[in-house]
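Everything on this sheet refers to the single structure shown next.
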Amino acid sequence: MNQEPWAVPSDPASLSSSTSASTPPPRRRRWPTVVLVVLLLLTTVGAITATVVAVDQRDVAAQWEERALALEAQRDALDEQRAEVSDRLEATRDALVTSERDVGELEDRVRSLAEEKARAEDTATTVQVERDVFIELSELISDATGALDSCVTQLLDLQSASVEAFNRANAGQDVDIDALNARAGEVTRFCNQARTAAATAEAAADRLLRS
Amino acid sequence: MRSRLHLGGLLLAAVGLASCVEPPAAPLDTPAMVDTEEVELPEVAAASVERRAQRVTVRVRSLGCEQFGLGSGFVLADGVVVTNRHVIEQPREVTVNTWDGRSFAAEVTGVATDTDLALLQLEDAGDLPVAELRTAPVQRGEEVFAVGYPGGGPAQVSPGRVLGMVDGTVLGEPAEVIRVEVEIALGSSGGPLVDRDGLVVGVVFAVEVDAGVGLAVPVETLLERLESGELVAPGAC
Numbered sequence: 000m001n002q003e004p005w006a007v008p009s010d011p012a013s014l015s016s017s018t019s020a021s022t023p024p025p026r027r028r029r030w031p032t033v034v035l036v037v038l039l040l041l042t043t044v045g046a047i048t049a050t051v052v053a054v055d056q057r058d059v060a061a062q063w064e065e066r067a068l069a070l071e072a073q074r075d076a077l078d079e080q081r082a083e084v085s086d087r088l089e090a091t092r093d094a095l096v097t098s099e100r101d102v103g104e105l106e107d108r109v110r111s112l113a114e115e116k117a118r119a120e121d122t123a124t125t126v127q128v129e130r131d132v133f134i135e136l137s138e139l140i141s142d143a144t145g146a147l148d149s150c151v152t153q154l155l156d157l158q159s160a161s162v163e164a165f166n167r168a169n170a171g172q173d174v175d176i177d178a179l180n181a182r183a184g185e186v187t188r189f190c191n192q193a194r195t196a197a198a199t200a201e202a203a204a205d206r207l208l209r210s
Numbered sequence: 000m001r002s003r004l005h006l007g008g009l010l011l012a013a014v015g016l017a018s019c020v021e022p023p024a025a026p027l028d029t030p031a032m033v034d035t036e037e038v039e040l041p042e043v044a045a046a047s048v049e050r051r052a053q054r055v056t057v058r059v060r061s062l063g064c065e066q067f068g069l070g071s072g073f074v075l076a077d078g079v080v081v082t083n084r085h086v087i088e089q090p091r092e093v094t095v096n097t098w099d100g101r102s103f104a105a106e107v108t109g110v111a112t113d114t115d116l117a118l119l120q121l122e123d124a125g126d127l128p129v130a131e132l133r134t135a136p137v138q139r140g141e142e143v144f145a146v147g148y149p150g151g152g153p154a155q156v157s158p159g160r161v162l163g164m165v166d167g168t169v170l171g172e173p174a175e176v177i178r179v180e181v182e183i184a185l186g187s188s189g190g191p192l193v194d195r196d197g198l199v200v201g202v203v204f205a206v207e208v209d210a211g212v213g214l215a216v217p218v219e220t221l222l223e224r225l226e227s228g229e230l231v232a233p234g235a236c
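Line by line, the protein sequences are chains A and B. Numbering that gives the first Met the number 0 puts the first residue of the first sequence at 0, with every later residue one more than the last. Numbering that gives the first Met the number 0 puts the first residue of the second sequence at 0, with every later residue one more than the last.
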């Protein structure tokens, strides 16, 4: 029987006979070889896997590097943009402050002119009021003066009539005393009215001087 | 046994290598430019509020039967101007001057009998800016400013704080009035008391001479008069 030295006999009988016949060769175990093969296989698989992973990771690393470069460029762009926005903001703020100051100064000027105009209107209103008062006073004085002038005229007429009546009485002629007295009364009333008008004008002038 | 450990380590290393590093995601988009319109400038905003308050405040000139009066007021919608009753008593001729030099003839449409308020109606008010009224009451310590034409001069802004509310009956007012630490001078009467948002909270009408503080009719009283229409014709000569 061509038996491998490490083969396990399949027949128990032959095993016992062989044992009894001669010293069997040392039994050689197969499992280390199997383990070795399995290890080799696994190592191979692992190596292949590691290689695949390594290649994949190299690509990933390349992508990350590319990404890092892109982010760096983006960061630089953002820095530039930020600086630009800051400059613009600063310029806008300066312009705004300048504009505010300019607008403020212009508005102050407008207010100042508006105040002058309003003051001028105040003066115009006051002048108009004073003019109205002067016109009224002038009319009062004119009326009083006219009345007094008329009073004086009537008094002179009455004086003439009285002298004429006196002369006629001395000459023995008839004199209408009642008519003369009536005329005197009339002149007196008229002159009293003239004096009242003069007093009114005087009071108005006094009020104007005091206001 | 050692071989088994080597085998396990190798497998774990392979799995680890395969899973520890992921490819980068899609690149980020570049952020948009900063929207500079949203940038806030408080000092500019405050100046803008004061400027607007000055624009709605007007100078009131009243030629009365016996007196010539100067005061202040502020413009509401439809050419209505709010001022004090004592500014336009027995009016013969009322004129309103704006901050930019325009002049408008005005008619006194009504005066309140129980509070120092009066309403004028402008002729051809045009595009005058109008004041906005605040419905919420003022708070003690709140920052406000009064706008007016003291001495008939140019519009002046006087900042200050609300000191509180005081009984207005001794001053002939129907309700409490605002006591405010603001410089008030002759000619400021009728001008608006404005909060930091530019809303009118009161109408300046008097000064506590001893304390040197101003008094203002609350805008609530004005709103009541505007809504109820409890106003009468002004006195005649």
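By construction, the Cβ of each residue, glycine as well, lies at the ideal position given by its N, Cα and C atoms. Quick caveat, the model's predicted, so the values are computed rather than measured.
If you look at B/R91, you'll find it in the beta strand (DSSP E) that goes 90-96. One alpha carbon belongs to B/V74, the other to B/L127, and they sit about 8 Å apart. Look at the region 109-129 of chain A: the residues with a C-beta under 9 Å from a C-beta of chain B are V109, R110, S111, L112, A113, E114, E115, K116, A117, R118, E120, D121, T124, T125, Q127, V128. Within chain B, the residues placing a beta-carbon under 9 Å from that of A/V59 are V20, E21, P22, P23, ordered along the chain.
In this structure, DSSP gives B/I87 a state outside helix and strand, which the three-state scheme calls coil. Among the residues facing chain A, B/V93 is not included, as its CB has no counterpart in that chain under 8 Å away. Rounded to whole angstroms, the gap between the alpha carbons of B/L132 and B/L198 is 5 Å. Ranked by how close their Cα comes to the Cα of B/P233, the residues B/A46, B/C64, B/R50 have B/C64 in first place. Collapsing the DSSP output to three states places A/D205 in a helix. B/T82 is classed as buried because its beta carbon has at least 16 other beta carbons within 10 Å across all chains shown. Taking a Cβ-Cβ threshold of 9 Å, none of the residues of chain A is close to B/S188; the smallest such distance is about 16 Å.
Not a single CB atom of chain A sits nearer than 8 Å to the CB of B/R51. Within chain A, A113, K116, A117, E120 have C-beta atoms less than 8 Å from the C-beta of B/N96, given in sequence order. When the Cα atoms are used, A/L147 and B/R60 turn out to be separated by approximately 41 Å.
Annotation for A/G145: no beta strand (DSSP E) segment contains it, though the alpha helix (DSSP H) segment containing it runs 30-169. Pairwise C-beta distances place the region 100-116 of chain B in contact with the region 169-182 of chain B, as three or more of them are shorter than 8 Å. Residue burial is scored here from C-beta neighbours: A/N180 has fewer than 16 other C-beta atoms within 10 angstroms and is therefore classed as exposed.
Contact check for B/G159 against B/V137 fails: the beta carbons are separated by 8 Å or more. Distances from the CA of A/S137 to each of A/A60, A/D177, A/E201, A/V109 were compared; the closest alpha carbon is that of A/E201. Secondary structure at B/T168: helix, using DSSP grouped into helix, strand and coil. When Cβ pairs closer than 8 Å are counted between the two stretches, the region 111-121 of chain A is seen to touch the region 143-162 of chain B, the count reaching three or more. In this structure, B/A104 is the residue among B/A104, B/N96, B/G78 with its C-alpha nearest to the C-alpha of B/P90. A/D101 and A/E79 have their C-alpha atoms some 32 Å from each other. Under the criterion of beta carbons closer than 8 Å, B/F204 and B/V216 qualify as touching, at roughly 6 Å. The secondary-structure analysis by DSSP pairs B/R58 across a beta bridge with B/S71, B/N96. Taking B/L121 as the centre and dropping the five residues before and after it, the same chain places the C-beta of G78, V80, V95, F103, A105 closer than 7 Å to its C-beta, in chain order. Proximity of chain A to B/R60 at the Cβ level (cut-off 9 Å) is accounted for by A117, E120, D121, T124, in chain order. Of all residues in the region 99-115 of chain B, only D99, G100, S102 place a beta-carbon less than 7 Å from a beta-carbon of chain A. Taken through DSSP and simplified to helix, strand or coil, A/R182 comes out as helix. At least one CB of chain A lies nearer than 8 Å to the CB of B/F67.
The C-alpha of A/E71 lies about 19 Å from the C-alpha of A/D58. For B/S227, no beta strand (DSSP E) run applies; the uninterrupted alpha helix (DSSP H) run containing it begins and ends at 218-227, by DSSP.
Any Cβ of chain A closer than 8 Å to the Cβ of B/P153 would place that residue at the interface, and such an atom is present. In this structure, B/L230 places its C-beta atom within 8 Å of the C-beta atom of B/L118.
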